[in-house]
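Here the structure is laid out as structure tokens; the discussion comes afterwards.
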Amino acid sequence: MDQQSNEWFTARLGKVTASRVKDVMASGRGGAPSATRKNYMMQLLCERLTGKREEGFTSNAMARGTELEPVARAAYEIDRDVMVDETGLIAHPRITGFAASPDGLVGVAGMLEIKCPNTATHVSTMQSGRHDTQYDWQMLAQLSCSGREWVDFVSFDDRMPDALQYACFRFERDDKRVREMESEITAFLEELAELEQEMIERIRSKAA
Numbered sequence: 003m004d005q006q007s008n009e010w011f012t013a014r015l016g017k018v019t020a021s022r023v024k025d026v027m028a029s030g031r032g033g034a035p036s037a038t039r040k041n042y043m044m045q046l047l048c049e050r051l052t053g054k055r056e057e058g059f060t061s062n063a064m065a066r067g068t069e070l071e072p073v074a075r076a077a078y079e080i081d082r083d084v085m086v087d088e089t090g091l092i093a094h095p096r097i098t099g100f101a102a103s104p105d106g107l108v109g110v111a112g113m114l115e116i117k118c119p120n121t122a123t124h125v126s127t128m129q130s131g132r133h134d135t136q137y138d139w140q141m142l143a144q145l146s147c148s149g150r151e152w153v154d155f156v157s158f159d160d161r162m163p164d165a166l167q168y169a170c171f172r173f174e175r176d177d178k179r180v181r182e183m184e185s186e187i188t189a190f191l192e193e194l195a196e197l198e199q200e201m202i203e204r205i206r207s208k209a210a
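Every number in the numbering used here is 2 more than the matching position in the sequence shown, counting from 1.
And the structure:
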């Protein structure tokens with residue numbers, strides 16, 4: 003299925019997806035569950051109960067990133083002399099309700115994640131010589147769902163001079179962190195399933 007298609011949005015309903023795993027992993031003060039985690043669970047609960055997705059806000063920057071993604075992908079293919087296979091939703095092989103949508107598959111072991119940030123962030127990424135760590139959980143989730151070994155993180159900004167528009171850094175699989183993440187996601191989904199069942203029972207009692 004094509005990403006951003008109705009089929010793709012429907013397939014994601016009620017599931018933990020890679021781009022939101024950082025919300026599952028978020029902790030509050032003293033290690034208590036965070037408000038971010040709870041709010042994400044409530045969003046997924048509502049999706050499961052209604053079959054409708056929450057309409058997200060799309061900023062100009064987000065729209066620009068979507069438009070630039072094919073350009074960034076082409077730049078990566080030229081730089082690495084590879085062909086990227088676009089893909090839809092990849093369901094985790096063992097954890098039902100967990101899936102990822104990478105920006106591409108590379109060979110038999112790799113994946114691609116593209117970000118088209120503002121210029122300040124792009125320059126900072128180039129200077130640091132690595133990806134922004136806020137995307138660690140997203141890429142680990144992609145690796146977990148796909149069983150692959152690495153993700154090439156691309157930062158792209160067409161507002162910069164040609165030589166500075168593109169930067170790429172490889173992120174390797176870390177099995178210890180993958181296991182930690184999978185454990186948290188499993189617990190999150192179990193809690194969500196219990197809450198969903200409670201709400202269904204409340205609906206049934208109202209209808210009786």
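Glycine is no exception: its CB is placed at the ideal position from the N, C-alpha and C atoms.
Small disclaimer: the values here were computed from a predicted structure and weren't measured.
Check                                                                                                   : Outcome
Cβ-Cβ distance between residue 90 and residue 154 below 8 Å                                             : no
Opposing strand residues paired with residue 170 [DSSP bridges]                                         : 156
Identity of the residue in 198, 156, 54 and 29 nearest residue 106 by Cα                                : 156
DSSP state of residue 32 mapped onto helix, strand, coil                                                : helix
Alpha carbon of residue 76 to alpha carbon of residue 100, nearest angstrom                             : 29 Å
Secondary structure of residue 113, DSSP reduced to three states                                        : strand
Distance between beta carbons of residue 51 and residue 198, contact taken as under 8 Å                 : 7 Å
Sequence-distant residues of its chain with Cβ nearer than 8 Å to residue 109 (five each side left out) : 84
Anticipated Cβ contact below 8 Å, residue 63 with residue 8, distance rounded                           : No, residue 63 and residue 8 are not in contact; Cβ-Cβ is about 24 Å, not under 8 Å.
Own chain residues within Cβ distance below 8 Å of residue 10, not counting five before or after        : 3, 4, 90, 91 and 103
Residue 88 versus residue 168 - alpha carbon distance                                                   : 20 Å
Boundaries (first-last residue) of the alpha helix (DSSP H) holding residue 108                         : That residue, residue 108, is in no alpha helix (DSSP H); its beta strand (DSSP E) goes 106 to 108.
Where residue 87 falls: helix, strand or coil (DSSP)                                                    : strand
N-terminal and C-terminal residue of the beta strand (DSSP E) that residue 101 is part of               : 100 to 102
Continuous alpha helix (DSSP H) stretch holding residue 175: start and end                              : Premise fails: residue 175 is in no alpha helix (DSSP H) and is neither H nor E.
Cβ pair residue 20, residue 140 closer than 8 Å                                                         : yes
DSSP state of residue 93 mapped onto helix, strand, coil                                                : strand
C-alpha distance - residue 138 paired with residue 86, whole-angstrom precision                         : 21 Å
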